[in-house]
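One structure below.
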Amino acid sequence: MEKKTVEKGCKYPAIEIKKKTGNEQFLNAGSDVCTLRDFWAWAYSDLIGNTERGRLAEFIVAMALGITEGISVSWDKYDLLSKEGIRVEVKTSAYLQSWSQQNLSKISFGIQPTYGWDSVTNEYDAEKKRQSDVYVFCILKHKEQATLNPLDLLQWDFYVLSTAVLNKTAPGQKTISLRSLMDKGAKQCEYAMLYETIKSEAAR
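Below you can see the structure in the form of structure tokens.
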């Protein structure tokens with residue numbers, strides 16, 4: 111992969127993103143009075159599909175870690191950083207999708223090593239690797255369409271596994287099944303125990 115660098119005195123440094131409230135209004139829209147919250151509802155209401163379910167899972171783990179006061183940074187090397195400095199990668203899967211299905215989906219997750227990117231230097235790492243200390247695999251386990259609610263944390267299962275274990279047992283593997291995760295010793299837990307489980311796995 112080509113390495114990108116930023117020269118000293120960069121003309122366009124990284125923009126500091128401030129957390130929005132949702133009350134911000136679109137400007138110069140005539141009589142159309144819409145807020146940022148309206149946009150969020152329009153764009154991100156499908157919490158069942160793969161794209162937004164992934165962001166929701168990250169937020170749920172951030173809730174467990176007590177780090178929701180900031181904002182998500184989509185281009186970081188890892189998804190979340192705990193107050194203790196634990197780097198966390200969040201993956202999600204589900205049996206039900208928002209589209210038509212003949213059968214329930216099979217549970218699998220992407221675990222491929224990547225080239226990490228440094229937002230300060232705007233450089234990619236030379237080595238392809240897994241960037242986190244711990245993986246949290248989040249499964250929306252509910253199987254009844256009529257009562258499916260991704261905001262109900264009782265409908266989720268969480269499996270936590272040290273990245274070191276993945277590197278040792280599946281060094282170049284790109285995807286992994288739930289059965290394989292369990293065989294490798296992933297710790298299953300409910301939301302209430304997620305923080306402690308993450309800390310325990312990070313210490314392995």
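Add 110 to the 1-based position in the sequence shown for my numbering, that's all there is to it. Using N, Cα and C, we set each Cβ at its ideal position, and we do this for glycine too. Keep in mind the model is a prediction, meaning the values are calculated, not measured.
Count the other CB atoms within 10 Å of the CB of residue i; is the residue buried (16 or more) or exposed (fewer)?
| i | result |
| --- | --- |
| residue 181 | exposed |
| residue 199 | buried |
| residue 228 | exposed |
| residue 242 | buried |
| residue 254 | exposed |
| residue 262 | exposed |
| residue 192 | buried |
| residue 115 | Bear in mind that the predicted position of residue 115 carries a pLDDT of just 44, short of 50, making it too unreliable to give a figure here. |
| residue 111 | Note that residue 111 scores a pLDDT of 36, beneath 50, so its modelled location is shaky and nothing firm can be said. |
| residue 299 | buried |
Quick one, are the C-beta atoms of residue i and residue j less than 8 Å apart?
| i | j | result |
| --- | --- | --- |
| residue 240 | residue 214 | no |
| residue 264 | residue 174 | no |
| residue 222 | residue 284 | yes |
| residue 146 | residue 162 | no |
| residue 249 | residue 313 | no |
| residue 308 | residue 244 | yes |
| residue 235 | residue 251 | no |
Where do the ends of the alpha helix (DSSP H) carrying residue i lie?
| i | result |
| --- | --- |
| residue 204 | It is not in any alpha helix (DSSP H) - residue 204 instead sits in the beta strand (DSSP E) that spans 197 to 204. |
| residue 300 | Neither: residue 300 is in no alpha helix (DSSP H) and is coded neither H nor E. |
| residue 290 | 288 to 293 |
| residue 164 | 160 to 175 |
| residue 310 | 304 to 312 |
| residue 275 | 273 to 279 |
Of the choices the options, whose alpha-carbon is the least far from that of residue i?
| i | options | result |
| --- | --- | --- |
| residue 157 | 177, 184, 298, 202 | 202 |
| residue 125 | 205, 183, 153 | 183 |
| residue 238 | 194, 256, 187, 308 | 187 |
| residue 295 | 311, 142, 282 | 311 |
| residue 281 | 206, 224, 149, 135 | 224 |
| residue 197 | 130, 143, 246 | 246 |
| residue 209 | 194, 159, 226 | 159 |
| residue 207 | 123, 120, 259 | 259 |
What span of residues does the beta strand (DSSP E) with residue i cover, start to end?
| i | result |
| --- | --- |
| residue 148 | Residue 148 -> not in any beta strand (DSSP E); alpha helix (DSSP H) instead, spanning 146 to 154. |
| residue 224 | 224 to 228 |
Can you confirm whether the stretch 218 to 231 touches the stretch 153 to 171 when touching is taken to mean that 3 or more C-beta pairs between the two stretches lie within less than 8 Å? Short answer: they don't touch.
Does the pairing of the stretch 287 to 301 with the stretch 264 to 276 give three or more beta-carbon distances under 8 Å? yes
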